[in-house]
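S.K.: Dumping the structure here so I can ask a few things about it.
Protein chains: 2
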Amino acid sequence: MPRSGGHISAAPPTLADVAELAGVSRQTVSNAVNNPDLLRADTLARVQDAIDKLGYQPNRAARSLRTRASHLIGLRMPALQEGTANAMMDRFVHTFVEAAAETGYHVLLFYGDPADPLDGYDELLRSTAVDAFVVTDTHLGGQQTTWLQSRRARFVSFGRPWTQPDAKHPWVDVDLAYGAEIATEHLIERGHSKIAWIGWHKDSLLGEERRSGWTHAMHTHGLSTTGLASRTEDSISSGKAAADAILDETEPTALVCASDTLAMGVLHSLFERRLRLGEDIAVVGFDDSQVAQTVPPGITSVRPPLEEAARELVKALEELLATPSYAAPGVMLKPVLTVRGSS
Amino acid sequence: MPRSGGHISAAPPTLADVAELAGVSRQTVSNAVNNPDLLRADTLARVQDAIDKLGYQPNRAARSLRTRASHLIGLRMPALQEGTANAMMDRFVHTFVEAAAETGYHVLLFYGDPADPLDGYDELLRSTAVDAFVVTDTHLGGQQTTWLQSRRARFVSFGRPWTQPDAKHPWVDVDLAYGAEIATEHLIERGHSKIAWIGWHKDSLLGEERRSGWTHAMHTHGLSTTGLASRTEDSISSGKAAADAILDETEPTALVCASDTLAMGVLHSLFERRLRLGEDIAVVGFDDSQVAQTVPPGITSVRPPLEEAARELVKALEELLATPSYAAPGVMLKPVLTVRGSS
DNA sequence: ACCATGTCTTGGAACGATCCAGAGTTCTAC
DNA sequence: GTAGAACTCTGGATCGTTCCAAGACATGGT
Numbered sequence: 001m002p003r004s005g006g007h008i009s010a011a012p013p014t015l016a017d018v019a020e021l022a023g024v025s026r027q028t029v030s031n032a033v034n035n036p037d038l039l040r041a042d043t044l045a046r047v048q049d050a051i052d053k054l055g056y057q058p059n060r061a062a063r064s065l066r067t068r069a070s071h072l073i074g075l076r077m078p079a080l081q082e083g084t085a086n087a088m089m090d091r092f093v094h095t096f097v098e099a100a101a102e103t104g105y106h107v108l109l110f111y112g113d114p115a116d117p118l119d120g121y122d123e124l125l126r127s128t129a130v131d132a133f134v135v136t137d138t139h140l141g142g143q144q145t146t147w148l149q150s151r152r153a154r155f156v157s158f159g160r161p162w163t164q165p166d167a168k169h170p171w172v173d174v175d176l177a178y179g180a181e182i183a184t185e186h187l188i189e190r191g192h193s194k195i196a197w198i199g200w201h202k203d204s205l206l207g208e209e210r211r212s213g214w215t216h217a218m219h220t221h222g223l224s225t226t227g228l229a230s231r232t233e234d235s236i237s238s239g240k241a242a243a244d245a246i247l248d249e250t251e252p253t254a255l256v257c258a259s260d261t262l263a264m265g266v267l268h269s270l271f272e273r274r275l276r277l278g279e280d281i282a283v284v285g286f287d288d289s290q291v292a293q294t295v296p297p298g299i300t301s302v303r304p305p306l307e308e309a310a311r312e313l314v315k316a317l318e319e320l321l322a323t324p325s326y327a328a329p330g331v332m333l334k335p336v337l338t339v340r341g342s343s
Numbered sequence: 344m345p346r347s348g349g350h351i352s353a354a355p356p357t358l359a360d361v362a363e364l365a366g367v368s369r370q371t372v373s374n375a376v377n378n379p380d381l382l383r384a385d386t387l388a389r390v391q392d393a394i395d396k397l398g399y400q401p402n403r404a405a406r407s408l409r410t411r412a413s414h415l416i417g418l419r420m421p422a423l424q425e426g427t428a429n430a431m432m433d434r435f436v437h438t439f440v441e442a443a444a445e446t447g448y449h450v451l452l453f454y455g456d457p458a459d460p461l462d463g464y465d466e467l468l469r470s471t472a473v474d475a476f477v478v479t480d481t482h483l484g485g486q487q488t489t490w491l492q493s494r495r496a497r498f499v500s501f502g503r504p505w506t507q508p509d510a511k512h513p514w515v516d517v518d519l520a521y522g523a524e525i526a527t528e529h530l531i532e533r534g535h536s537k538i539a540w541i542g543w544h545k546d547s548l549l550g551e552e553r554r555s556g557w558t559h560a561m562h563t564h565g566l567s568t569t570g571l572a573s574r575t576e577d578s579i580s581s582g583k584a585a586a587d588a589i590l591d592e593t594e595p596t597a598l599v600c601a602s603d604t605l606a607m608g609v610l611h612s613l614f615e616r617r618l619r620l621g622e623d624i625a626v627v628g629f630d631d632s633q634v635a636q637t638v639p640p641g642i643t644s645v646r647p648p649l650e651e652a653a654r655e656l657v658k659a660l661e662e663l664l665a666t667p668s669y670a671a672p673g674v675m676l677k678p679v680l681t682v683r684g685s686s
């Protein structure tokens, strides 16, 4: 039995329905949608009318089956970290979804076991559910990118290929060594000279990167870094412990922290010592999290340009999907310093 | 030309490839995947072997085309609010993606113009891209749900149908009047009697709801609420202004805030007055945001059970998709109070 | 009038899965 | 030993779209 009506029935209208209403063939309707220039103006108008009248929209599954493109980008849900100030990834997801929408792509969020960095990718890849992936935690090692490459999957990464300098996939990253540098110079300008660093362990690539910015700024201005650096875990309690130790020993007048989480740890230490943030001591954090934005009197923080990063990634994705052999140069973006009451 | 190899070629293997390798028909392979009990044990084993050998995974587009089910749940990206402590939706997205994954559903994140609450839904609906939606901001009015209902779309909502008490779609919400009540009672237990309320404007349904919990707790314990309530916008600056006013006028010893954002506004006021949070004055917030978790000495906050909410929603979705006429009763969950240094 | 040229349109095949109806096989019971 | 049921398995049709190759039509030059 042929489909009845189309605009009356509950089932969505199909190409054939539109074709019938407009008095043309299916292919002509398809052309009206995908290659309008192939049609004569009056035919196009007639078909367009029928499309509007029926509220026709191509069926995604059918189109996807034929063209082998889903117009979906896979993004693995970053692990949620309670008790920290790390929300950069959430902001990134937001801006990325928005940027992707502008070019007709939607984002497929999927979940993967946090213990296994590869979990979840395989299924989507094999079922051809997504056209490409966005990989985020490249600083944890090249496992994901290496594996994806071996499976010939298309992907871009937010984060440089730390451990594989010759990787060929497009990537976008933020120069956070530079971020630490401008943070430190901002404090120097404000008259500080004993500026401490509270960062992560030596084996953290991200941590060493950021630290180098602080070191560089200090040395450039002829300031000593001796006894002013400490390295610890990325948690509030260890940030507090590190601040306690360094405040007792070296008495710095300002602190640069590798993350807003560590900065919050410092705040806990100050709270206990009844020191006033921004008056008795200056603090600068990283990531410009909601916490940095809202804590009184506001924490000066290095803000990564996530909107720009998202746009660059989408641009790279488009190129990559258009020309499979596309090898983009990596893009390094510069963060800006958002100055608030803490400095 | 027939597909060559399958396990050698770059193209993913198909049902036919598996069938050929296992020496059975396509349908048998399909049954092995979807209805294993229909097969004889030895046949199943043979097919399973072939599937493993080829790394076969059903093509999502093809399956979706035939079964009219995409196994995707649409979720419109909640608007990002900078400069506030509102990150509940991010936590919700996290837990929802995780809960959905357990039942084989993935989440399709899409973007919609913040000015138009309906933007984005239509396209996905018409192209049959998703099986159902999760709607989140029901307190902004019933526009979305009414429209979806009129289009016969399947959906569940996180948030009760505020303006349509007779709505029939499944929903899950958190009883935040109760939240305000336990927050207030917690402060009463701690010995406070002059407990102020800093909330939202009268036309905010959510705001009045929460306020009623405070009023109820106060009256139950024979405490007066006169001059202790203020209503304002959900922003840090208005929270600060409200706190300034009420601290000057009524001198309460504790404050209950309708959101963590307002609580942060209060903190700004305290900071200026050099009052110590948790010692000179107690503050309780709402949502248990990262900010509440990390600010020294920690803000006591009403924590919505988002994990449970996500699970309930996924359960409702499953029922809804299994039986289209399914009309679930709404589910109201109780929040818990996370006690920290601020009280 | 004829054919070459280009534009516009057409019906059939294909993408890879599931649904359906029926064929082949095995098992049970009389 | 055979009918009948129960269990396995098969081939063809189908979902809605795009690709393909070729047909229909108008236009212009000889």
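Residue numbers (this note's numbering), protein chains in the order written: chain A, 1 to 343; chain B, 344 to 686. Every residue, glycine too, gets a C-beta built ideally from N, C-alpha and C.
So, helix, strand or coil for Met1/A, using DSSP?
M.R.: Indexing the first sequence from 1 puts residue 1/A at position 1. Annotation note: pLDDT 31 at Met1/A (below 50); position unreliable, coordinate value reported separately. Reduced to three states, the DSSP call for Met1/A is coil.
S.K.: DSSP puts Thr330/B in a beta bridge; with which residues?
M.R.: Because chain B spans 344 through 686 in this model, residue 330/B falls outside it and cannot be assessed.
S.K.: Can you have a look at Glu363/B and say buried or exposed, based on whether 16 or more other CB atoms are within 10 angstroms of its CB?
M.R.: Translated into positions along the second sequence, residue 363/B becomes position 20. The residue in question, Glu363/B, is buried, as its Cβ has 16 or more Cβ neighbours within 10 Å.
S.K.: Using 8 Å for Cβ pairs, my map puts Ala310/A next to Ile299/A. What's the rounded Cβ distance?
M.R.: As a first step, residue 310/A must be located in the first sequence, where it is residue number 310. As a first step, residue 299/A must be located in the first sequence, where it is residue number 299. The pair is not a contact, with the Cβ atoms about 24 Å apart (cut-off 8 Å).
S.K.: CA-CA distance, Glu466/B and Asn59/A?
M.R.: Walking along the second sequence from the start, residue 466/B turns up at place 123. Walking along the first sequence from the start, residue 59/A turns up at place 59. The alpha-carbon atoms of Glu466/B and Asn59/A are separated by roughly 10 Å.
S.K.: Give a yes or no on whether the minimum CB-CB distance between Leu690/B and chain A is below 9 Å.
M.R.: In this structure chain B extends from 344 to 686, so residue 690/B is not present and cannot be described.
S.K.: Pick helix, strand or coil for Trp162/A, following the three-state DSSP scheme.
M.R.: Position 162 of the first sequence holds residue 162/A. The answer is coil: DSSP assigns Trp162/A none of H, G, I, E or B.
S.K.: Taking one C-beta from the stretch 138-157 of chain A and one from the stretch 420-436 of chain B each time, how about it: are there three or more such pairs within less than 8 Å?
M.R.: Because the criterion of three Cβ pairs below 8 Å is not met, the stretch 138-157 of chain A and the stretch 420-436 of chain B do not touch.
S.K.: Chain B beta carbons: is any one of them nearer than 9 Å to that of Asn35/A?
M.R.: Here residue 35/A is taken as the residue at index 35 of the first sequence, counted from 1. So no, Asn35/A is outside the interface.
S.K.: Inspect the beta-carbon positions of Ser193/A and Trp171/A and report whether they are closer than 9 Å.
M.R.: Position 193 of the first sequence holds residue 193/A. Position 171 of the first sequence holds residue 171/A. No, these two residues do not count as a Cβ contact at 9 Å.
S.K.: How long is the line joining the alpha carbons of Gln507/B and Leu649/B, rounded to whole angstroms?
M.R.: Within the second sequence, residue 507/B is the residue found at index 164, counting from 1. Within the second sequence, residue 649/B is the residue found at index 306, counting from 1. Taking the straight line from one Cα to the other gives about 23 Å.
S.K.: Taking the C-alpha atoms as reference points, what is the distance between Arg469/B and Leu660/B?
M.R.: Taking the first residue of the second sequence as 1, we reach residue 469/B at position 126. Taking the first residue of the second sequence as 1, we reach residue 660/B at position 317. Distance between the alpha carbons of Arg469/B and Leu660/B is about 20 Å.
S.K.: I'd like to know whether the C-beta atoms of Ile541/B and Thr527/B end up nearer to each other than 9 Å.
M.R.: What you label residue 541/B is simply residue 198 of the second sequence in a count that begins at 1. What you label residue 527/B is simply residue 184 of the second sequence in a count that begins at 1. No, Cβ-Cβ distance for Ile541/B and Thr527/B is not below 9 Å.
S.K.: With a cut-off of 9 Å, does the C-beta of His94/A fall near any C-beta of chain B?
M.R.: In the first sequence, counting from the first residue as 1, residue 94/A sits at position 94. Interface residue, yes.
S.K.: Since Trp557/B sits in a beta bridge, which residues does DSSP pair it with?
M.R.: Position 214 of the second sequence, counted from the start, is the residue given in the question as residue 557/B. In DSSP, Trp557/B forms no bridge with anything.
S.K.: If you run the structure through DSSP and keep just helix, strand and coil, what is Ile642/B?
M.R.: Start at 1 with the first residue of the second sequence, and residue 642/B comes out as number 299. Here Ile642/B sits in coil by DSSP.
S.K.: Please determine if the stretch 234-245 of chain A and the stretch 597-610 of chain B are in contact, where contact requires at least 3 C-beta pairs separated by less than 8 Å.
M.R.: Not touching, per the Cβ criterion.
S.K.: What did DSSP end up calling Asp122/A once you bin it into helix, strand or coil?
M.R.: Mapped onto the first sequence, residue 122/A falls at position 122. In the structure shown, Asp122/A sits in a helix (DSSP, three-state: H, G or I).
S.K.: Nearest-angstrom Cα distance between Gly74/A and His437/B?
M.R.: Working through the first sequence from its first residue, we reach residue 74/A at position 74. Working through the second sequence from its first residue, we reach residue 437/B at position 94. If you take the alpha carbons of Gly74/A and His437/B, they lie about 15 Å apart.
S.K.: Just the Cα atoms here: how many angstroms apart are Pro12/A and Gln27/A?
M.R.: Mapped onto the first sequence, residue 12/A falls at position 12. Mapped onto the first sequence, residue 27/A falls at position 27. Roughly 18 Å between the two C-alpha positions.
S.K.: State yes or no: is the beta carbon of Val18/A nearer than 9 Å to at least one beta carbon in chain B?
M.R.: In the first sequence, counting from the first residue as 1, residue 18/A sits at position 18. Chain B, which has no Cβ nearer than 9 Å to the Cβ of Val18/A, makes this no.
S.K.: Pull the bridge partners of Ala405/B from the DSSP assignment, please.
M.R.: Counting from one through the second sequence, the residue named residue 405/B turns up at place 62. In the DSSP output, where bridge partners are listed per residue, Ala405/B has none listed.
S.K.: Using a Cβ-Cβ distance under 9 Å, would Tyr121/A count as near chain B?
M.R.: Along the first sequence, one-based indexing puts residue 121/A at 121. With 9 Å as the cut-off, Tyr121/A does not count as an interface residue toward chain B.
S.K.: Can you list the beta strand (DSSP E) stretches of 3 or more residues lying completely in the stretch 365-448 of chain B, in chain order?
M.R.: DSSP runs (the beta strand (DSSP E)) wholly in the stretch 365-448 of chain B: 415-419.
S.K.: With 9 Å set as the bound, which would you pick, yes or no: does the beta-carbon of Ala100/A sit closer than that to a beta-carbon of chain B?
M.R.: For this step, residue 100/A is matched to residue 100 along the first sequence. Judged by the 9 Å Cβ criterion, Ala100/A is in contact with chain B.
S.K.: Using a Cβ-Cβ cutoff of 7 Å, what residues of the stretch 115-143 of chain A are near chain B? List them in chain order.
M.R.: So the close ones are Glu123, Arg126, Ser127, Thr128, Ala129.
S.K.: Check the Cβ-Cβ distances between Asp244/A and every residue of chain B, and say whether any is below 9 Å.
M.R.: What you label residue 244/A is simply residue 244 of the first sequence in a count that begins at 1. No - not a single Cβ of chain B is within 9 Å of the one on Asp244/A.
S.K.: Using a cut-off of 7 Å between C-beta atoms, extract the partners of Ala85/A located in chain B.
M.R.: Indexing the first sequence from 1 puts residue 85/A at position 85. The answer, in chain order, is Gln633, Thr637.
S.K.: Between which residues of its own chain and Glu594/B is the CB-CB distance below 8 Å, once the five residues before and five after are set aside?
M.R.: On the second sequence, residue 594/B is found 251 positions in, with the first residue counted as 1. Within the same chain, Glu594/B has close Cβ partners Lys537.
S.K.: Residues of chain A with CB closer than 8 Å to the CB of Val440/B, please, in chain order.
M.R.: Walking along the second sequence from the start, residue 440/B turns up at place 97. Result: Met77, Leu109, Phe110, Tyr111.
S.K.: Does the structure place the stretch 654-674 of chain B close enough to the stretch 474-487 of chain B that three or more beta carbon pairs sit under 8 Å?
M.R.: The stretch 474-487 of chain B is in contact with the stretch 654-674 of chain B.
S.K.: Since Phe453/B sits in a beta bridge, which residues does DSSP pair it with?
M.R.: Your numbering for residue 453/B matches position 110 in the second sequence. Phe453/B is bridged to Arg419/B.
S.K.: Classify Ser602/B as buried or exposed, calling it buried when 16 or more other Cβ atoms lie within 10 Å of its own Cβ.
M.R.: Taking the first residue of the second sequence as 1, we reach residue 602/B at position 259. Result: buried.
S.K.: Along the alpha helix (DSSP H) that carries Asp603/B, what are the first and last residues, could you check?
M.R.: By one-based count along the second sequence, residue 603/B stands at place 260. Segment 603-616, the alpha helix (DSSP H) holding Asp603/B.
S.K.: Just to confirm, is the Cβ distance from Pro304/A to Met88/A under 9 Å?
M.R.: Your numbering for residue 304/A matches position 304 in the first sequence. Your numbering for residue 88/A matches position 88 in the first sequence. Yes.
S.K.: Using the Cβ count rule (16 or more neighbours within 10 Å means buried), how would you classify Arg340/A?
M.R.: Working through the first sequence from its first residue, we reach residue 340/A at position 340. With 16 or more other Cβ atoms within 10 Å, it is buried.
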